[in-house]
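Heads up, the thing below is written out as structure tokens.
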């Protein structure tokens, strides 16, 4: 699995994921379980790989500029 999520993208995903997970603790009605969706950006940030990016051909991570001899 090749990385396709860069460091800035990862930071945004972590913030978004934690924000969504906080809904579980803030809301008191049945809509609080919508916060579980926050696990998706957290997992993709942890893995540095997004399946949707793979399908769409998007890559936000830095390119490897090392030369192979």
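Residue numbers (the working numbering): 636 to 704.
We put the beta carbon where it would ideally sit given N, CA and C, even for glycine.
Residue i versus residue j - alpha carbon distance
i: residue 663; j: residue 676; result: 23 Å
i: residue 690; j: residue 655; result: 24 Å
i: residue 643; j: residue 697; result: 10 Å
i: residue 681; j: residue 660; result: 23 Å
Buried/exposed call for residue i, threshold 16 Cβ in 10 Å
i: residue 650; result: exposed
i: residue 667; result: exposed
i: residue 646; result: exposed
i: residue 671; result: exposed
Collapsed DSSP secondary structure at residue i in the structure displayed
i: residue 588; result: Residue 588 cannot be examined here, being either before or after the span of the chain that is shown, 636 to 704.
i: residue 637; result: coil
i: residue 692; result: coil
Cutoff 8 Å; reference residue i; Cβ partners in own chain excluding five residues on either side
i: residue 653; result: 673 and 677
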